[in-house]
Amino acid sequence: MAAGRLVKTKKKCCKSGPRCKKCPAAMRKLERSGLATRVSKRSYMVSLDATKKDLKEARKR
């Protein structure tokens with residue numbers, strides 16, 4: 000298993016300004032960029048290589 004941080008997403012995106020940290024849409028963006036892997040339906044393993052800038056970029060609208 001890859002080293003990282005396990006994040007359990009919310010059930011639904013709330014569509015707020017910058018997306019929240021547990022937003023499923025933001026996690027999907029991180030997965031597409033290769034910084035997160037999906038563990039189960041709502042859980043993602045976020046890589047330790049993901050910087051604060053990467054997370055902020057994924058949350059941007």
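Note that numbering that gives the first Met the number 0 has the sequence shown beginning at 0, numbered continuously upward.
In this text, a Cβ means the ideal position worked out from N, Cα and C, and glycines have one as well.
Q: Output the boundary residues of the beta strand (DSSP E) element that contains lysine 59.
A: DSSP places lysine 59 in no beta strand (DSSP E); its state is neither H nor E.
Q. Can you tell which of Arg37, Lys51, Asp48, Ala57 has its C-alpha closest to the C-alpha of valine 6?
A. Of the candidates Arg37, Lys51, Asp48, Ala57, the one whose C-alpha sits nearest the C-alpha of valine 6 is Arg37.
(Q) Could you give the first and the last residue of the continuous alpha helix (DSSP H) run that contains alanine 25? (A) DSSP places alanine 25 in the uninterrupted alpha helix (DSSP H) bounded by 23–31.
Q. In its own chain, which residues sit with a C-beta less than 6 Å from the C-beta of alanine 57, not counting the 5 before and 5 after it?
A. Cβ neighbours of alanine 57 beyond the five flanking positions: Ala25, Lys28, Leu29.
Q | Cα-Cα separation, proline 23 to cysteine 12 | A | Rounded to the nearest angstrom, the gap between the Cα atoms of proline 23 and cysteine 12 is 6 Å.
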